[in-house]
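Inspection log for the structure reproduced underneath, given as structure tokens.
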Amino acid sequence: VQFQEYVFLQFLGLDKVPSPQRFQPVPYILKKIFQDREAAATSVDSRDFCYIKDFGVRGNVLRLLPDQGLFLYSRKLSQASSCLQKFLYFNLSAIKEKEQLTMAQLGLDLGPNTYYKLGPELELALFLVQEPQEGDQPIPKPGRMLVLQSVPRPQGVVHFNLLDVAKDWNNDSQKNLGLLLEILVKGNRDIGVTFQLQDACARLRQSLRASLLVVTLHPEQCHPSSRKRR
Amino acid sequence: EAIPAPKAPCRNLCHRHQLFINFRDLGWHKWIIAPKGFMANYCHGDCPFSLTTSLNSSNYAFMQALMHAVDPEIPQAVCVPTKLSPISMLYQDNDDNVILRHYEEMVVDECGCG
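Chains as they are written, first to last, in our numbering: chain A, 2 to 231; chain B, 126 to 239.
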């Protein structure tokens, strides 16, 4: 029997068979939600499957969008204590028109938690890029500041809610000019320490991973649970 | 592959037929991370008047079967899903996005005359 593949793919919300070049790591939270649902689907409780209790939002599609931006190397670092600057860009084109965005969570993975190399304290500054980068500009011009947060050491994952920004981008893709992340080193800068900081910043450049986890609700696939069952 | 139905006392009567679609058979295991496939069960079989009261049927089916017995021109009640469950799929698309998508009412758990 000729399997009508393209019809089935369309049903899955895909326009062609994906052929990923490399497999992305699946974050723990997506595996957990998947396994919870597999277990719930075989149990009798008819919960609302279009509600994601782990995040407290409604939705039936979760997408982990990898960052497609690059590190920036500008001769005149914005401040002496600057550790690194990175342009972050997330492609939202996979979100279909009828889908409503209900969550957009930026995740910055600074690196594995370890018991050694515990310094230095860092400050994370995240800016919205609101103007296209000019030709001779080494780095995009930082626009509105979205986040300014200290972290005790370059380890672990920090999350930021970017729902309003993502909704703007999703409503008008021209506005999606990305984000500018700057990581600064806090604390003293005497000579002896500087060398360690360069080492810490180089490690951070190696380990930093950024991703945007978006949740959308497809109204046609998530009719209100009031639908009467036989 | 079709999973052989248990020896149903009356094989022609309305009941759930189990069918498992293995994504590897479609070559989709390269981009679908989980599950390995899904149960594409379907409902099939007769809904005779004599059994509508026992085949997990709706009252409407009982009346339709009665009318079919009186006037064969009126179609019999049909074998339809009476209990469905959802599935979730974890897959990767062409933009390196990892997607977890949830589909309601995808798997037929029970059938009856409706």
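Note that CB positions come from ideal geometry on N, CA and C, so glycine has one too.
Are the CB atoms of residue i and residue j nearer to each other than 8 Å?
{"i": "Met-104/A", "j": "Val-166/A", "result": "no"}
{"i": "Leu-127/A", "j": "Val-152/A", "result": "no"}
{"i": "Pro-67/A", "j": "Asp-221/B", "result": "yes"}
{"i": "Ala-42/A", "j": "Pro-211/B", "result": "yes"}
{"i": "Val-159/A", "j": "Gly-60/A", "result": "no"}
{"i": "Leu-214/A", "j": "Leu-15/A", "result": "no"}
{"i": "Leu-71/A", "j": "Phe-88/A", "result": "yes"}
{"i": "Gln-201/B", "j": "Cys-172/B", "result": "yes"}
{"i": "Leu-102/A", "j": "Lys-168/A", "result": "yes"}
{"i": "Val-205/B", "j": "Gln-25/A", "result": "no"}
{"i": "Tyr-52/A", "j": "Gln-69/A", "result": "no"}
For chain B, check one thing: does any of its Cβ atoms lie closer than 8 Å to the Cβ of residue i?
{"i": "Phe-56/A", "result": "no"}
{"i": "Val-8/A", "result": "no"}
{"i": "Gly-14/A", "result": "yes"}
{"i": "Cys-84/A", "result": "no"}
{"i": "Asn-61/A", "result": "yes"}
{"i": "Val-27/A", "result": "yes"}
{"i": "Gln-175/A", "result": "no"}
{"i": "Ser-20/A", "result": "yes"}
{"i": "Ala-95/A", "result": "yes"}
{"i": "Glu-39/A", "result": "yes"}
Among residues of its own chain, excluding the 5 on either side of residue i, which ones have a beta-carbon nearer than 8 Å to its beta-carbon?
{"i": "Lys-33/A", "result": "Asp-55"}
{"i": "Lys-161/B", "result": "Asn-147, Phe-148, Arg-149 and His-154"}
{"i": "Arg-38/A", "result": "Phe-50"}
Just the Cα atoms here: how many angstroms apart are residue i and residue j?
{"i": "Ser-212/A", "j": "Glu-98/A", "result": "22 Å"}
{"i": "Cys-135/B", "j": "Ser-175/B", "result": "13 Å"}
{"i": "Val-232/B", "j": "Pro-19/A", "result": "24 Å"}
{"i": "Gly-237/B", "j": "Cys-223/A", "result": "25 Å"}
{"i": "Thr-115/A", "j": "Arg-154/A", "result": "10 Å"}
{"i": "Glu-135/A", "j": "Lys-142/A", "result": "9 Å"}
{"i": "Ala-194/B", "j": "Tyr-167/B", "result": "26 Å"}
{"i": "Leu-180/A", "j": "Ile-157/B", "result": "31 Å"}
{"i": "Glu-183/A", "j": "Gln-131/A", "result": "16 Å"}
{"i": "Gln-36/A", "j": "Leu-209/B", "result": "19 Å"}
{"i": "Leu-218/A", "j": "Leu-191/B", "result": "44 Å"}
Output yes if chain A places a C-beta closer than 8 Å to the C-beta of residue i; else output no.
{"i": "Tyr-167/B", "result": "no"}
{"i": "Ser-210/B", "result": "yes"}
{"i": "Arg-136/B", "result": "no"}
{"i": "Gln-217/B", "result": "yes"}
{"i": "Tyr-185/B", "result": "no"}
{"i": "Leu-176/B", "result": "no"}
{"i": "Leu-225/B", "result": "yes"}
{"i": "Ile-158/B", "result": "yes"}
{"i": "Ser-179/B", "result": "no"}
{"i": "Asn-147/B", "result": "no"}
{"i": "Glu-229/B", "result": "yes"}
Near residue i, which residues of its chain fall below 6 Å by C-beta distance, leaving aside the five closest residues on each side in sequence?
{"i": "Met-146/A", "result": "Phe-128"}
{"i": "Leu-93/A", "result": "Trp-170 and Asn-171"}
{"i": "Ala-159/B", "result": "Leu-215"}
{"i": "Val-148/A", "result": "Leu-127 and Phe-161"}
Looking only at its own chain, which residues have a Cβ that is under 7 Å from the Cβ of residue i, when we skip the five neighbours before and after it?
{"i": "Leu-225/B", "result": "Ser-213 and Leu-215"}
{"i": "Glu-229/B", "result": "Pro-211"}
{"i": "Val-186/A", "result": "Ser-82, Cys-84, Pro-121, Leu-123 and Leu-198"}
Do we get a CB-CB distance below 8 Å when we pair residue i with the residues of chain E?
{"i": "Ala-42/A", "result": "Here the protein chains are A and B, and chain E is not one of them."}
Every unbroken alpha helix (DSSP H) within the segment 165 to 213 of chain B, with a cutoff of 4 residues, ordered by chain = 184 to 195
Can you list the beta strand (DSSP E) stretches of 3 or more residues lying completely in the segment 82 to 145 of chain A, in chain order?
-> 83 to 89, 101 to 110 and 123 to 130
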